[in-house]
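J.:
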Amino acid sequence: MTYTWYLAKIKNGEPAILEKDKFDDLKYFSWNELLGMRNQLSANTHNLVEAYFSKQIKLS
């Protein structure tokens, strides 16, 4: 299985949900917050967090 992840930087403005019929919430988490909530994450996100902290991937 292959995953594709994107890292984005917000330069100005405030992110907002523009497709309200598809999404009902928008939240941000630091890497350390994600690490602390591993048991609550989807399998896909859990794999990302594990790969990040084991230095299998690098985001810049």
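Numbering-wise (my numbering), the sequence shown opens with residue 284 and increments by one. Ideal placement from N, C-alpha and C gives every residue a C-beta, glycine not left out.
Run through DSSP, which three-state label would Q323 get?
T.: Note: Q323 maps to helix in three-state DSSP.
J.: When you compare only the Cα positions, how much space is there between V332 and Y311?
T.: Their backbone Cα atoms lie some 14 Å apart in a straight line.
J.: Ignore the nearest five residues each way along the sequence and tell me which others in I300's own chain have a CB closer than 7 Å to its CB.
T.: Cβ neighbours of I300 beyond the five flanking positions: F306 and L309.
J.: Is the distance from the Cβ of S325 to the Cβ of L290 below 9 Å?
T.: No. Outside cutoff.
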